[in-house]
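To start, the structure under review is shown below, and the notes come after it.
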Amino acid sequence: MYEFDWSSIPGALPLLAKGLMVTFEVTLTAIVVGIVWGTLLAVARLSSNKLVSFAAASYVNLFRSVPLVMVILWFYLIVPQLLRSVFGDALGDIRLASALIAFSLFEAAYYSEIIRAGIQSVARGQIAAGLALGMTYAQTMRLVVLPQAFRNMTPLLLTQAVILFQDTSLVYVIGLSDFFGTAYKVGDRDGRLVELLLFAGAIYFIISFAASQLVKRLQSRYAR
Amino acid sequence: MNYNWNWGVFLSETPSGGTTYLAWLFEGLQWTVMLSLSAWLIALLVGFVIGVLRTVPHRGWSTLATAYVEIFRNIPLLVQLFLWYFVMPELLPEAWGMAFKQSHPLTQQFLAAMVCLGLFTAARVAEQVRAGIESLPKGQWAAGQALGFTLPQIYRYVLVPMAARIVVPPLTSEFLNIFKNSAVATTIGLIELSRQAQQLVDYTAQPYEAFIAVTVLYLAINVVVMFLMRRLEQRTRVPGFIGGGQ
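Line by line, the protein sequences are chains R and S.
Residue 3 is where the first sequence starts when you use the working numbering, and the numbers rise one by one after that.
Residue 105 is where the second sequence starts when you use the working numbering, and the numbers rise one by one after that.
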C-alpha cells in the first residue's frame, strides 16, 4: 500500500500561495477584459450592419471551436514576437503576458454569447421606448438595455468565472507557474507528486465548490 | 516580421524516416478522434446512470449522484487527468498498479485520458439528463404508476426513453466539448493533434504552418460533428418539446 508523506507541503506553502496569486491574476484579468470585450462583441453581433455582425460572429465561432490548449499555444507563439518587435528584448515575464492576453480574448468569446442572450432577454419594447424618448441607439443600449441584461445574466457570468478559474490551470502547457504548475513542480522536486496533486485538487475543489454554492444562493435571491 | 512560409514542409520526410509530417498529423487526428469517441461512450453510460439517480425519490442514491457531479465539476480537467495518470496507479492494489506501469506508455496515456475525459464529461451529461427528466410533465410519472409499473419500470419504459430524445440538442455541445477537451491529453504526452502540432514546431521550425493545419483540423471536426448531430436531432425530435437544461 502507498504510504503518504505530507511533510513537503507546509514548507512549500509560501511558494504555493505565490502560484495561487498568479492563478487569481489570470482569472480576474480574463473576467474583466472578457466581459468588456465580450459586451462589445455581443452588441456588434446584434448590430444591423451586416459586416460588423459577421465579423463578431466569426470571432466568437472561431474561438469557440478551437481547444483552449491550442489557443494558449497560439498566443505563446504570437505574443512574444509581437512584444519583441515593439519593445525590443528587455521584457518581463512573456509567459504571463501571453497567458493574460490568450485568456482575455478567449473568454470574451464565451462571455459574448452569454451577454448576447442576456440582451435578447430584454423585451423589444424597451428599445422602442428608448428610441421614442429621443435617445440614440447607443444611449438606449447603455442606459436601458444593458443594465437590465446584466442583472438577468449575473449568475451565468459568475458560473462562467468559476469555469474560467479552473481552466487557468492549462497555462501548464506554456510552463507558467500558477497554482497547479507550482504544486506540480514542488511534487516533482520532492518526489511527492501524489500528495501535491491531491492537495492541489482539494484546494481547487474547495474554492470552486464554495464559489458555485454562492452563485446558487445569489441565483435564488435574484429569482424571487 | 520576416517569416518564410513553407507549406511544402508537410510532405518532407520526418527524421525517423519512412513517413512524412502529414502522416504525423493524421496519426494525431486518429488519436484525437479515438480518444474522444471512447470517452464519449463512457460519458453517455455513466452520465445517464448518474443523471437518473439524481432524480430518484431516494435520499441515499440522489446524494451520491449529486456528490459525483459536484466533485467532477469543481476540479479542473487538467488536475483530474494528472490524478488519474500519476496518482491512481499508486493507490490501486499493488498488482494492478504495477500492471498499469509496465504497460506500453501509449496504453497508459490513452487509458488515463479516456477514463478521465469520460468521467469528467459524464458529470455534465448527468446534469443534462437530470434537466431532461425534470422537464417531463408530472403526468408521465403518474401514468406509469397508474399502469402498475414499479420504479425501475417507470424509468425504463417511460422517463428515460423520453429524456434520451429531449437531451440530444444540449448533448451536442457536450459532444463538441469532448473533442476540444481531448487536447488536454497533450500534457501527459499522448500524441493527439495538439501534441503533434508542438512536435512539428520542434522538428521543422515552421510553427505557423503546423498550428494553422491543426487548427483547421479542429474546425473540421467541429463542422462534421455539428452536421451529424443536426441530423440526429431532426430524427429524434419529440414534437412539442424543446431541449431541456442549459
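Quick reminder that beta carbons are idealized off the backbone N, C-alpha and C, glycines included.
All figures in this text were calculated on a predicted structure; none of them were measured in a lab.
Using a Cβ distance threshold of 9 Å, S:Glu194 and R:Val196 count as a contacting pair. Here S:Ala235 is not near S:Val150, since their CB atoms are 9 Å or more apart.
Beta bridge pairing from DSSP links S:Thr170 with no other residue. The region 148-160 of chain R makes no contact with the region 62-75 of chain R; the number of CB pairs closer than 8 Å stays below 3.
Linking R:Ala44 to S:Ala127 through their CA atoms gives a straight-line distance of about 40 Å.
The secondary-structure analysis by DSSP pairs S:Thr124 across a beta bridge with S:Glu117. Taking CB atoms only, R:Asp169 has a neighbour in chain S less than 9 Å away.
Bounds of any alpha helix (DSSP H) do not take in S:Phe345, whose DSSP letter is neither H nor E. At a cut-off of 9 Å, the C-beta of S:Val150 has no neighbouring C-beta in chain R. Of all alpha-carbon atoms in R:Tyr174, R:Leu178, R:Ser179, R:Asp190, the one lying nearest the alpha-carbon of S:Ala287 is that of R:Tyr174. Boundaries cannot be given for S:Ile292, as no alpha helix (DSSP H) includes it and DSSP labels it neither H nor E.
In this structure, the straight-line span from the alpha carbon of R:Ala213 to that of S:Glu117 is close to 51 Å.
For R:Thr184, the enclosing alpha helix (DSSP H) covers residues 181-192. Exclusion of the five residues before and after R:Ala59 leaves Arg47 as the residues of its chain whose Cβ lies within less than 8 Å of its Cβ.
Here the alpha carbon of R:Ser87 sits roughly 13 Å from the alpha carbon of S:Tyr107.
The region 266-284 of chain S and the region 197-208 of chain S do not touch, with fewer than three beta-carbon pairs separated by less than 8 Å. Judged by DSSP in its simplified three-state form, S:Val271 adopts coil rather than helix or strand. In this structure, R:Ile37 sits away from R:Ile121, with a CB-CB distance that is not shorter than 9 Å.
Identification of chain R residues near S:Tyr125 by a Cβ-Cβ cut-off of 9 Å yields none; the smallest Cβ-Cβ distance measures about 17 Å.
Counting only runs of at least 4 residues, the region 135-198 of chain S fully encloses the following alpha helix (DSSP H) elements, listed from N- to C-terminal order: 163-177, 181-186, 192-195. Contact between S:Leu323 and R:Ser67 holds: CB atoms are separated by about 5 Å, below the 8 Å threshold.
The residues Glu117, in chain order, have a CB closer than 8 Å to that of S:Thr123 in the same chain once the five nearest residues on each side in sequence are set aside. Look at R:Val28: its C-beta is not under 9 Å from any C-beta on chain S. For R:Pro16, the enclosing alpha helix (DSSP H) begins and ends at 10-47. A residue is called buried once 16 or more other Cβ atoms fall within 10 Å of its Cβ, and R:Phe89, having fewer, is exposed. The continuous stretches of alpha helix (DSSP H) do not include S:Leu251, and DSSP gives it neither H nor E. The way I'd put it, the region 303-310 of chain S doesn't touch the region 257-269 of chain S; fewer than three beta-carbon pairs between them come closer than 8 Å.
For the alpha helix (DSSP H) assignment, the uninterrupted runs of no fewer than 4 residues enclosed by the region 45-121 of chain R are, from N- to C-terminal side, 52-67, 70-89. A residue is called buried once 16 or more other Cβ atoms fall within 10 Å of its Cβ, and R:Gln141, having fewer, is exposed. For S:Tyr312, same chain residues with a beta-carbon under 8 Å away, outside a window of 5 residues either side, are Tyr107, Trp109 in chain order.
In the structure shown, R:Ser171 falls within a helical segment according to DSSP collapsed to helix, strand and coil. Proximity of R:Ala202 to chain S, defined by a Cβ-Cβ separation below 9 Å, is satisfied.
When the five nearest sequence neighbours on each side are left out, the beta carbons in the same chain lying within less than 7 Å of the beta carbon of S:Ser298 are those of Ala287, Thr290, Val318, in order along the chain.
By the neighbour-count criterion, in which a residue is buried when 16 or more other Cβ atoms sit within 10 angstroms of its Cβ, R:Tyr224 is exposed. Of all residues in the region 304-336 of chain S, the ones placed with a Cβ closer than 7 Å to any Cβ belonging to chain R are Pro311, Phe315, Val318, Thr319, Tyr322, Leu323, Asn326, in chain order.
The C-beta distance from R:Ala101 to R:Leu178 rounds to 5 Å, short enough to meet the 8 Å contact threshold.
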